[in-house]
Amino acid sequence: MAAFAPLEAGDPSQAGPYRIVGRLGSGGMGRVYLARSPGGRTVAVKVVREELADDPGFRRRFAREVEAAQRVTGFFTAAVVDAAPEADPPWLATAYVPGLSLTEAVAAHGAWPEQPVLTLGTALAEALEAIHSAEVVHRDLKPSNVLLADDGPRVIDFGISVAADDTKLTLTGTAVGTPGYMPPEQLVGRDVGPAGDVFALGAVLVYAVTGSGPFAGGAAHGVAYRVVHEEPNLSHVPVRLADVVARCLAKDPKQRPSVPELVDKLGQLSAARPTEGVISGSGWLPAPVATEVTRIQATPLPEPATGTVPLTAPPAGAPPAAEQSPAGGVSRTAVDTAAIGPAPAAGLLAPPPQPVSAGRLLGLPRRHALIGLAVAAVLAVLAATLLLPDGLPDGDQSNAQGNEPIAAAKELAFQELWSYEEDPAGPPLIVDGKVYFGDQGGTLHALDTAGGTQMWKYDGLQGARPVTIADGAVYAFSGATGALHSVDADTGDRRWSFKIDDASTGAAPKGTEYGITNVAAAKKTVYLLTLPWPKGQPALYALDAETGEELWNRPVSPGLSTALTVADGVIYCGLGGKDYENYLYALDADTGDQLWRIKTGGSNRGKVTSLSVAERTVYFGSEEGTFYAADASSGEVRWKYQSKSKDAEWNGPPLVADGVVYASVKARFNTDDSAGRVYAFTASSGKRLWEFGTTGAASPPVLTGGALHFSDAGTLRALDPRTGKSLGEAPLTTGTDPLLTISGDRAYFDGGDGRLHAGRISLTES
634 MAAFAPLEAG DPSQAGPYRI VGRLGSGGMG RVYLARSPGG RTVAVKVVRE
684 ELADDPGFRR RFAREVEAAQ RVTGFFTAAV VDAAPEADPP WLATAYVPGL
734 SLTEAVAAHG AWPEQPVLTL GTALAEALEA IHSAEVVHRD LKPSNVLLAD
784 DGPRVIDFGI SVAADDTKLT LTGTAVGTPG YMPPEQLVGR DVGPAGDVFA
834 LGAVLVYAVT GSGPFAGGAA HGVAYRVVHE EPNLSHVPVR LADVVARCLA
884 KDPKQRPSVP ELVDKLGQLS AARPTEGVIS GSGWLPAPVA TEVTRIQATP
934 LPEPATGTVP LTAPPAGAPP AAEQSPAGGV SRTAVDTAAI GPAPAAGLLA
984 PPPQPVSAGR LLGLPRRHAL IGLAVAAVLA VLAATLLLPD GLPDGDQSNA
1034 QGNEPIAAAK ELAFQELWSY EEDPAGPPLI VDGKVYFGDQ GGTLHALDTA
1084 GGTQMWKYDG LQGARPVTIA DGAVYAFSGA TGALHSVDAD TGDRRWSFKI
1134 DDASTGAAPK GTEYGITNVA AAKKTVYLLT LPWPKGQPAL YALDAETGEE
1184 LWNRPVSPGL STALTVADGV IYCGLGGKDY ENYLYALDAD TGDQLWRIKT
1234 GGSNRGKVTS LSVAERTVYF GSEEGTFYAA DASSGEVRWK YQSKSKDAEW
1284 NGPPLVADGV VYASVKARFN TDDSAGRVYA FTASSGKRLW EFGTTGAASP
1334 PVLTGGALHF SDAGTLRALD PRTGKSLGEA PLTTGTDPLL TISGDRAYFD
1384 GGDGRLHAGR ISLTES
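Numbering-wise, the numbering used here comes out as the position in the sequence shown, counting from 1, plus 633.
Encoded structure:
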């Protein structure tokens, strides 16, 4: 059984802002450490092996895996807290909780009864559904990569996962995975998609219910031969379950059930005895396994040493005990192992997570929040560690002004690294080591994040700004010309442009002028909303991302389009404005047909100004001060919150992480100085956990370095995400509302002086 162990000489003492306090384990990618953030949060940090870090191809894969991981969210998601793909060596940090692997549980306590296996299978199927919806394929789902906690299982080890939309980065000709759980197509070197994970899930369930895999054991080549050529041994699998896993283990990927089909089928079987399908405490686990999990949770963690904890490498003048690495990297030092204490007997340890409501069922036809259960999938390259959020304190932890001190005082600092002489027209985008932004003159720029060196520029967009990046393309539109441009993200070459006047304008009267207001991209399709003038009706267009060819267009509700995003095959957009009713619409991404709509306000009030989708839930806020959480499938409003101020407007996309929704409001007309707020809500129920009063308009919050960061009237602020208490503040500009983007420990913003500024954030103990 895994255990954390004391640090040894040569082990890192710090990775970025995280103070490393113990060893957790190691894998093919590197070693995993137990660490603490400056705010006291326990995390697991994966430090990549030096020989891999020296491979430029690996670094590209690592960066892409981190990006893919961040697309996976959910109530039970073990979020990627932080990462530094460009550090030397690269590292990744995730939330951390205790757990026992399925391999350890079966080896110690034997095969499981059918009912817990059905509950397990439903949760794992929902996890795969969430993973695949982010266009990620696991490729190595096996019992040792299923970790068990009292609130459900978690899938771990995405060290060899590959983003499904980036086959260029696949390890060509290499069969990665574990014989006995790898599908036949993977063993013979063919392409592996989501159906490969379905095969692995079937094999995992056979192992859980019988104690051995469906193709027996022995030498790897013998197991692989049986997987490809022989039928699985299901003789000891209960009949109901055998029917399901037999289909999962079909040789032909096309004959296997889809993941949504599995969720429904396993859910129906599990719900046949619903009181045993409840995840409440550890009751869903077999009794001896539940006892072991409880024991693991009770084992205390080591405490980090006190002192300065910089967000990046310590500044010049720091004590010479540690060998400094490049910014954001890893510091190594001789370790006082006595400060850590002996390794306990139990496994992956952390304070017990919050209990899950007895009303949360696994396996009912209506799929509950367990879609994110195994989404430690977000650990793109993290091997062999269970990661989940720290529990939030119970009760109303509101702090209206957010000024109460915490136990250890903090100091937030911003150190400028470079500036670039162009004035951004919108918040910059940061992807794969490049900064993309459009300037006020209509030129699109790509800069190197390290030094601000120009990589390329693209002229002639007349006030354009980049609105999204997907599949290696930057999409920018010119409101003046009504044209959308697709630009190669690496070279700056134009791939194509699409002008609304050239489109099949069946959505509005001929001769109507058009402007583009919103753009989103997903699954090789680009969607754009247009605003016609002087009269006519807005239209939604779908374009082929490779060619720019129009696929279809649909008229949409009159008024201004105010928000647009695409998730899980559905387009979500806010429409309305002067003289029109305001709604959030859900439209089929393949056809543009309306699925449902939610009214958010009457004419002149209620436009959707804040929108994101996570865990089959749409979170959005409107300009009349109401924040909503709605079922993404049906449009049923699950909960809503009304801001205290009538002048409040929800600002920018809300952040959903670790089962918490973070969102900001600003004063709509600047008539109410008290309207500015940052809020934290429980994602499932809408319970307000805390609120923080701001001086001005708060930018959308970002979680990085274990703290919640946002701009407040030109001041950068950091809050404890658990309590909403201030961790520090640092001046950015003399302006009141900079266009701010935070990525890792870097902040990029317009300084109100005609320049783009970039600098490093650090949070230290004072």
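Yeah, the Cβ is synthetic: ideal placement off N, Cα and C, and Gly gets one too.
Member of the options whose CA lies at the smallest distance from the CA of residue i
i, options, result
"A1402", "P639, K1299, V922 and V1064", "As displayed, the chain neither begins before 634 nor continues past 1399, which places residue 1402 out of reach and without an answer."
"P1364", "P816, Y651, K1273 and E1044", "E1044"
"Q703", "F1382, L1349, S1376 and T1348", "S1376"
"V779", "F637, G732 and L820", "G732"
"A716", "L1217, G1075, R1230 and G1338", "G1338"
"R873", "A904, V861 and Q888", "A904"
"P722", "Y1069, S1278, D687 and D1123", "D687"
"R1230", "G658, W745 and S1266", "S1266"
"R889", "A879, D897, P935 and R1187", "A879"
"G1105", "D1065, K1132, G1084 and S1111", "D1065"
"D1291", "T927, A1281, L751 and L1336", "L1336"
"P591", "G1347, A1313, L735 and K775", "Outside the displayed span of the chain (634 to 1399) sits residue 591, for which this structure offers no information."
"L640", "L1352, S659, A763 and Y666", "Y666"
"S1130", "P1057, K887, E1182 and F1382", "E1182"
"R1249", "D1264, T1242 and D644", "D1264"
"A741", "A1316, K1157 and V926", "V926"
"R1128", "D1081, E1179, Q1087 and G1202", "E1179"
Terminal residues of the alpha helix (DSSP H) in which residue i lies
i, result
"F691", "P689 to A702"
"A756", "E747 to S766"
"A741", "L735 to H742"
"A920", "A920 to Q930"
"E818", "P817 to L820"
Beta-carbon contacts of residue i that lie in its chain and below 7 Å, excluding the five residues immediately before and after
i, result
"Y651", "A668, R669, S670, V676, V678 and A726"
"G1125", "A1079, W1089, K1090 and Y1091"
"P847", "A836, V839, P865, N866, L867 and L882"
"P749", "W917, L918 and P919"
"A853", "P812"
Helix, strand or coil at residue i [DSSP, three-state]
i, result
"G806", "Confidence at G806 is low in this model, with a pLDDT of 32, below 50, so the placement of that residue is unreliable and no value is reported for it."
"P1060", "coil"
"Q1073", "coil"
"G1377", "coil"
"L838", "helix"
"H869", "coil"
"R1230", "strand"
"N1186", "strand"
"Y858", "helix"
"V825", "coil"
"L1372", "coil"
"S1267", "coil"
"L882", "coil"
"A1351", "strand"
"S646", "strand"
"E1044", "strand"
"K887", "helix"
Same chain, Cβ closer than 8 Å to residue i, five either side skipped, listed in chain order
i, result
"A1155", "A1103, V1199, A1200 and A1222"
"V861", "P817, L820, V821 and K884"
"V739", "W745, P776, Y840, A841 and G844"
Start-to-end residues for the beta strand (DSSP E) that takes in residue i
i, result
"T675", "T675 to V681"
"K1345", "It is worth fixing the name first, because residue 1345 is Asp in this sequence and not Lys. Counting along the chain, the beta strand (DSSP E) containing D1345 begins and ends at A1340 to D1345."
"P1364", "S1359 to P1364"
"Y1108", "A1106 to S1111"
"Y1274", "V1270 to Q1275"
"Q901", "Per DSSP, Q901 belongs to no beta strand (DSSP E); it is in the alpha helix (DSSP H), V892 to A904."
"E1324", "R1321 to G1326"
"S1460", "There is simply no residue 1460 to check, as the chain begins at 634 and stops at 1399 in what is shown."
"E864", "It is not in any beta strand (DSSP E) - E864 carries neither H nor E in the DSSP assignment."
"A1313", "R1310 to T1315"
"H771", "Element bounds for H771: n/a, residue is neither H nor E."
Neighbourhood of residue i by C-beta distance below 6 Å, restricted to the same chain and skipping five residues each side
i, result
"T1259", "K1273 and Q1275"
"V1107", "Y1069, P1099, V1120 and A1122"
"R664", "V680"
"L1197", "N1151, A1153, L1162 and C1206"
"K1157", "A1178"
CB-CB length for residue i against residue j, believed under 8 Å
i, j, result
"F1253", "L1217", "6 Å"
"A758", "V842", "The pair is not a contact, with the Cβ atoms about 15 Å apart (cut-off 8 Å)."
is_contact[residue i, chain B] using C-beta, thresh 8 Å
i, result
"L1045", "Of the chains in the structure shown, none is chain B; there is only one protein chain."
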